[in-house]
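Residue numbers (my numbering), protein chains in the order written: chain Z, 493 to 711; chain G, 493 to 711.
Notes follow the structure.
Number of protein chains: 2
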Amino acid sequence: MKNKYFTVDEQQLLEEVMRLRRDVRGNNFTQQDITAEVIEKILMAASLAPSVGFSQPWEFVVIREQATKQRIAHSFAIENKKSEKLFSDDKQQMYAQLKLEGILETPVNIAVFYKQSTKPVLGQTTMKEMGEYSVVCAIQNMWLMSRALNVGLGWVSILDPEAVKKILHAPPQHKLVAYLCIGYVNEFLEQPELENLDWEKRKSIKSVVYRDRYPNEGQ
Amino acid sequence: MKNKYFTVDEQQLLEEVMRLRRDVRGNNFTQQDITAEVIEKILMAASLAPSVGFSQPWEFVVIREQATKQRIAHSFAIENKKSEKLFSDDKQQMYAQLKLEGILETPVNIAVFYKQSTKPVLGQTTMKEMGEYSVVCAIQNMWLMSRALNVGLGWVSILDPEAVKKILHAPPQHKLVAYLCIGYVNEFLEQPELENLDWEKRKSIKSVVYRDRYPNEGQ
Chain Z
493 MKNKYFTVDE QQLLEEVMRL RRDVRGNNFT QQDITAEVIE KILMAASLAP
543 SVGFSQPWEF VVIREQATKQ RIAHSFAIEN KKSEKLFSDD KQQMYAQLKL
593 EGILETPVNI AVFYKQSTKP VLGQTTMKEM GEYSVVCAIQ NMWLMSRALN
643 VGLGWVSILD PEAVKKILHA PPQHKLVAYL CIGYVNEFLE QPELENLDWE
693 KRKSIKSVVY RDRYPNEGQ
Chain G
493 MKNKYFTVDE QQLLEEVMRL RRDVRGNNFT QQDITAEVIE KILMAASLAP
543 SVGFSQPWEF VVIREQATKQ RIAHSFAIEN KKSEKLFSDD KQQMYAQLKL
593 EGILETPVNI AVFYKQSTKP VLGQTTMKEM GEYSVVCAIQ NMWLMSRALN
643 VGLGWVSILD PEAVKKILHA PPQHKLVAYL CIGYVNEFLE QPELENLDWE
693 KRKSIKSVVY RDRYPNEGQ
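Below, the structure is given as structure tokens:
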């Protein structure tokens, strides 16, 4: 092969970044500011993501303005209150104690949008979700790059996308895919918080892999 | 910070994996087989992805059986013929010459499914797509890990998800998110093929980033 050949050590380093990446919430962020240079590196990682038909259908709103963050945090509070009620009694109590976002605790928030193409996109003709999926690939690149830069990132999904779009003056046809909170941290937890709390158990890989087809289903 | 602190060299290595990752199509794959151990490393990377509410809503069907691949390839051929017609005349000609998948050329195909939870998922209460998005994060981890293992991966999206589900006997409520072709390669292209062919131009990062909000829209 005439290309760059990655060594076992390099492959293991990638695995380590993946293993140590965390979804960081409010109580683990510090107040330290983040330079524009670091944010640029994270956005560069996004731009290196695969995209269906090389459509690069992503747009980013980098928010540092406190008043804007406050309006988003307000929207989160409304949705979070509603969401809490959907869980069973024992989980509701735990839910109420969780700090699920770091909107105001982080120097930078990034809203990530999917911008739909007006013409057909190669590869998106039968599976319409491929555009959004490309945006998610970009977000996962941002997440891994943040960890390699020793920066925490949290994905806030307990938001009303239409409310966020209004706050950010987003074009009506754009779709909010993610709202990210980015800042330095006191620590990266050893394990996901919800695993620590036994909210959900870790699945073994074996339990989610099938060989050639599903057994005895859908026939 | 008490955790692993990544160095600049390590961060640059991650950037290199991202930069050299390619969507590999049929004509760049070799016939070389892939061991179960390598496939396990790729699936391990998937399992290290973030997931909404730690729900890990992914399932994988690892396909080595030639007869199954042939049925999938047949479904691709049907959809690809339909898709081609959607493009403008000049692009149709180029489209017809592109080799857009490596279903039969690769030793391993992996179909990736989203398995919907039957109970509420933390973080998926207002944005219902978060489950699928978690699966896409896992796929991007697989893609990067494949490149670090010097293995090519191509994402085939020109498929009828219902046809693929039928071929693989997937439970009706499962959703096909991706169909991946995995194998060793002759080369990883320097640039995405569609960039080389000028099918689409690369966007500058500056052109897709806004500060604090979109200007003058949606007000």
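Positions of the beta carbon are idealized from the N, C-alpha and C atoms, including for glycine.
Residue i versus chain Z: which residues are under 7 angstroms apart at the beta carbon?
i	result
F546(G)	P684, L686, E687, W691, E692
P612(G)	L578, F579
V628(G)	Y625, V628, C629
L660(G)	R705, Y706
V700(G)	W550, E551, F552
F680(G)	N495
Using DSSP with H/G/I as helix, E/B as strand and the rest coil, what is residue i?
i	result
D704(Z)	coil
F680(Z)	coil
F579(Z)	coil
D515(Z)	strand
I534(G)	helix
Q665(G)	coil
Q504(G)	helix
L660(Z)	coil
Q558(G)	helix
E654(G)	helix
V712(Z)	In the structure as shown, chain Z begins at 493 and stops at 711. Residue 712(Z) is therefore absent and cannot be evaluated.
E687(G)	helix
I697(G)	helix
E597(Z)	coil
Q632(Z)	helix
V613(Z)	coil
N572(G)	helix
V643(G)	coil
E624(G)	helix
M619(Z)	coil
Y497(G)	coil
Q692(Z)	With the sequence shown as reference, residue 692(Z) is identified as Glu, and Gln is not the correct amino acid for it. Reduced to three states, the DSSP call for E692(Z) is coil.
I564(Z)	helix
G710(G)	Note on G710(G): pLDDT 46, under 50, position unreliable in the model; no value is reported.
For residue i, list the residues DSSP reports as bridge partners.
i	result
Y671(G)	A603(G), V648(G)
E551(Z)	F605(Z)
F521(Z)	V677(Z)
Where does residue i land, buried or exposed, given buried means 16+ other C-beta within 10 angstroms?
i	result
A528(Z)	exposed
L641(G)	buried
S575(G)	buried
K698(G)	exposed
N633(Z)	buried
R703(Z)	exposed
Q616(Z)	buried
D582(G)	exposed
V516(Z)	buried
H566(G)	exposed
K620(Z)	exposed
N708(Z)	exposed
V500(Z)	exposed
K611(Z)	exposed
V587(Z)	The sequence shown places Tyr at residue 587(Z), not Val. Buried is the call here.
Q711(G)	Caution is warranted here: a pLDDT of 44 is assigned to Q711(G), below 50, making its placement in the model unreliable, and the coordinate value is therefore given only provisionally. Result: exposed.
R639(Z)	buried
Can you pull the chain Z neighbours of residue i, defined as C-beta to C-beta under 8 angstroms?
i	result
K695(G)	S539, Q548
Quick one: list the residues of chain G neighbouring residue i, beta-carbon separation under 8 angstroms, in chain order.
i	result
H566(Z)	The premise fails here: H566(Z) is roughly 14 angstroms from chain G at the closest Cβ pair, so nothing lies under 8 angstroms.
Can you name the residues of chain G whose CB is closer than 7 angstroms to the CB of residue i?
i	result
S484(Z)	The question about residue 484(Z) has no answer here: the residues shown for chain Z are numbered 493 through 711.
Y606(Z)	Here the premise fails: no neighbours, minimum Cβ distance about 10 angstroms.
E597(Z)	Residues of chain G passing the Cβ test: none, with the nearest at roughly 16 angstroms.
So with CB distances below 9 angstroms, who are the chain G contacts of residue i?
i	result
R556(Z)	R703, D704
E571(Z)	T617, T618
V600(Z)	In chain order: nothing, as chain G lies at least about 11 angstroms away.
Output, in chain order, the set of chain C residues within a Cβ distance shorter than 9 angstroms of residue i.
i	result
P542(Z)	Absent from the structure: chain C. Protein chains present are Z and G.
Can you pull the chain Z residues whose beta carbon is under 9 angstroms from the beta carbon of residue i, in chain order?
i	result
F498(G)	L505, E508, V509, L512, R639, A640, L641, N642
Check each residue of the stretch 501 to 515 of chain Z: if its Cβ is closer than 8 angstroms to any Cβ of chain G, include it; give the result in chain order. Contacts with chain G (Cβ-Cβ distance below 8 angstroms) from the stretch 501 to 515 of chain Z involve E502, Q503, L505, L506, E507, E508, V509, M510, R511, L512, R513, D515, listed in chain order.
Contact residues within the stretch 641 to 656 of chain G, judged by C-beta distance below 9 angstroms to chain Z: Of all residues in the stretch 641 to 656 of chain G, only L641, N642, W647, V648, S649, I650, L651, D652, P653 come within less than 9 angstroms of chain Z when Cβ atoms are compared, listed by chain position.
What residues in the stretch 524 to 536 of chain Z bring their beta carbon closer than 7 angstroms to a beta carbon of chain G? Among the residues of the stretch 524 to 536 of chain Z, those with a Cβ less than 7 angstroms away from any Cβ of chain G are L535, M536, in the order of the chain.
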